[in-house]
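Trainee: I'd like to ask some things about the structure below.
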Amino acid sequence: YAVAVIIVFGALIIGGLMAASMVFGHRNGFLFALGGATSAWISGNALLLDRPRIYALFVGIAALMLVASTLTLVL
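Residue numbers for the sequence shown follow my numbering, so the first one is 797 and each next one is one higher.
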């Protein structure tokens, strides 16, 4: 149950970043958020296939891209 809550709220946050970037006209922020969402999706598949190093790599990529998306909105 806890994992489902984490996944849903993570998807809401990423979707919110994408929506905010579109509203404010920041194309780069939207693309960073889209890349972060894609990386998070790939990491979920890596977790299902029992590949912990690939999972960690894609979680790191997703985190960096989502931080970059947030920075494009703030700065």
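Ideal Cβ placement from N, Cα and C applies to all residues, glycine included.
Helix or strand or just coil, what does DSSP make of residue 821?
Mentor: Looking at residue 821 - three-state DSSP - the assignment turns out to be coil, as it is neither helix nor strand.
Trainee: Give the straight-line distance between the Cα atoms of residue 824 and residue 847, rounded to the nearest whole angstrom.
Mentor: Their Cα atoms are separated by approximately 30 Å.
Trainee: Residue 870 to residue 802, Cα distance in whole Å?
Mentor: Approximately 25 Å between the Cα atoms of the pair.
Trainee: Below 7 Å CB to CB, which residues in the same chain sit around residue 839 once its five sequence neighbours on both sides are set aside?
Mentor: Only 851, 854, 855 and 858 meet the Cβ criterion.
Trainee: Is the beta carbon of residue 833 closer than 8 Å to that of residue 817?
Mentor: No, Cβ-Cβ distance for residue 817 and residue 833 is not below 8 Å.
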